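Undergrad: Every number in my numbering is 497 more than the matching position in the sequence shown, counting from 1.
C-beta atoms are modelled at their ideal positions from N, C-alpha and C, and glycine is treated no differently.
Note that the coordinates shown come from a computational prediction; the quantities given were computed from them, not determined experimentally.
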Amino acid sequence: MKVTVVGAGAVGASCAEYIAIKNFASEVVLLDIKEGYAEGKAMDLMQCASLNGFDTKITGVTNDYSKTAGSDICVITSGIPRKPGMTREELIGINAGIVKAVSTSLLEHSPNMILIVVSNPMDTMTYLAHKATGLPKNRIIGMGGALDSARFKYRLAEALEAPISDVDGMVIGGHSDTGMVPLISHATRNSIKVSEFLSEERLEQVAADTKVGGATLTKLLGTSAWYAPGAAVSGLVQAIACDQKKIYPCSTLLDGEYGLSDICIGVPVVLGRNGIEKIVDIPLSEAEKAHMQASAEGVSKTNGLLEL
């Protein structure tokens, strides 16, 4: 199993690290345009191998896509990160050109790849990757929902004063501060609805804190977060590589599902060796349906800024 991660910055390097530590891939190729940067990150990570007990080979390359040939799964993290006060949508001008060039270069050398898009604005970049590559819908996946759901569970556990292993929850919709739809109606603590433990007001605060989870970290750190995004990507990659049939919310191209078409947006999917193996249709409350529709309208507006 060969995995390529494009972009050796904080998110890309975290992706490579978590994938290697899980020890299910034979090789991770880390590619960056900055001379020597990916090579240095790869060397540093390989010097962790004996300490962390993994045998995955990590190779760093500078802008040489021939070294990515035959990759089973490719991840695009490249692009400019958010700065404090920026929305994900403000990154579209620069990142669209990067994602288009990277996705087509990857496809040239790995025609059978499954592609995971992390670059922001993530739903629009996932849609762009579809248009640029023409790959079938099951083989292009946007990462956002997996990360947003992890942040939702963190906030739920915090509010419940419970161990996070007791908590389950999911965020669908667009990967943006206004587009996320935390599914309070489906969230549970050890199979018991969280509404049995928390007031409506507290749950509304949990949802609000989840939606600005990325912005909160960007304000604290001065740039985008990287540990949780890297861990989210590694979870998706492992589910595909190991054919786990796990359900994650991911940005996927819809064709009538959830009443939406010709849009990439976060919905629950089953991930296995073929990528997205099934889109899972779950019941939504009337409020959640309305939020999902508003989220889709926001994503479509951002898509309209693309030069396809």
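Can you list, in chain order, the stretches of the alpha helix (DSSP H) that have 4 or more residues and sit fully within the segment 565-635?
TA: Counting only runs of 4 or more, we get 589-606, 619-630.
Undergrad: Tell me E524's beta-bridge partners as DSSP assigns them.
TA: K499, K554.
Undergrad: Among M640, L527, A738, E658, which residue has its Cα nearest to the Cα of R770?
TA: Per the Cα distances, A738.
Undergrad: Tell me whether the beta-carbon of L625 lies closer than 8 Å to the beta-carbon of A593.
TA: Yes, they are a contact pair.
Undergrad: Excluding the 5 residues preceding and the 5 following H606 in the sequence, name in chain order all residues of the same chain whose CB lies nearer than 8 Å to its CB.
TA: So the qualifying residues of the chain are Y562, S563, T565, A566, G567, S568.
Undergrad: Would you list, in sequence order, the uninterrupted alpha helix (DSSP H) runs of no fewer than 4 residues that lie entirely inside the segment 682-727?
TA: Segments of the alpha helix (DSSP H) lying fully in the segment 682-727: 697-708, 710-718.
Undergrad: Who does C747 pair with in a DSSP beta bridge?
TA: Paired residues: V764.
Undergrad: Could you tell me which of P780, L603, N549 sits nearest to D529, measuring between CA atoms?
TA: When each option's Cα is compared against that of D529, the closest is L603.
Undergrad: Below 8 Å on the Cβ atoms is my contact criterion, and I expect V709 with L653 to pass it. Report the Cβ-Cβ distance as a whole number of Å.
TA: V709 to L653, Cβ: 15 Å. No contact.
Undergrad: What first and last residue would you give for the beta strand (DSSP E) that runs through V508?
TA: Counting along the chain, V508 falls outside any beta strand (DSSP E), though it belongs to the alpha helix (DSSP H) covering 507-519.
Undergrad: Could you pull out every residue in the same chain whose Cβ sits closer than 7 Å to the Cβ of F694, ignoring the five residues on either side in sequence?
TA: Only L657, R686 meet the Cβ criterion.
Undergrad: Give every residue of the same chain whose Cβ lies closer than 6 Å to the Cβ of T707, excluding the five residues on either side of it in the sequence, and list them in chain order.
TA: Result list for T707: R648, F649, R652, P679, in chain order.
Undergrad: Could you check whether the segment 616-633 touches the segment 513-524, counting it as contact only if at least three pairs of C-beta atoms, one from each stretch, sit closer than 8 Å?
TA: These segments do not touch.
Undergrad: So, at 8 Å on beta carbons, what are the nonlocal neighbours of E536 in its own chain, with the 5 sequence-adjacent residues on each side left out?
TA: Counting only Cβ-Cβ distances below 8 Å, and skipping sequence neighbours, we find G557, V558, T559.
Undergrad: Thinking C-beta only, is I555 closer than 8 Å to V599?
TA: No; because the gap between Cβ atoms is not below 8 Å, this pair is not in contact.
Undergrad: Could you check how far apart the C-beta atoms of V730 and M640 are, in whole angstroms? I think they sit under 8 Å.
TA: So it is a contact: roughly 6 Å between Cβ atoms.
Undergrad: For D752, count neighbouring Cβ atoms within 10 angstroms of its own Cβ and tell me buried if that reaches 16, exposed if not.
TA: Under this definition D752 is an exposed residue.
Undergrad: Between the C-alpha atoms of I611 and I595, what's the straight-line distance to the nearest angstrom?
TA: Distance between the alpha carbons of I611 and I595 is about 18 Å.
Undergrad: Check the C-beta distance from T749 over to V766 and give it rounded, since I have them as a contact under 8 Å.
TA: The pair is a contact, with the Cβ atoms about 6 Å apart (cut-off 8 Å).
Undergrad: How about I573 and S511: are their beta carbons less than 8 Å apart?
TA: Their beta carbons are not under 8 Å apart, which means I573 does not touch S511 by this criterion.
Undergrad: Can you say whether M789 is buried or exposed, counting buried as having 16 or more other CB atoms within 10 angstroms of its CB?
TA: Classification for M789: buried.
Undergrad: Do A522 and K538 have their C-beta atoms within less than 8 Å of each other?
TA: In this structure, K538 does not lie closer than 8 Å to A522 by Cβ.
Undergrad: Compare the Cα-Cα distances from A507 to each of P726, I591, L781 and report the closest residue.
TA: Checking every option, the nearest Cα to that of A507 belongs to P726.
Undergrad: Could you give the DSSP three-state label for S758: helix, strand or coil?
TA: The answer is strand: DSSP assigns S758 an E or B state.
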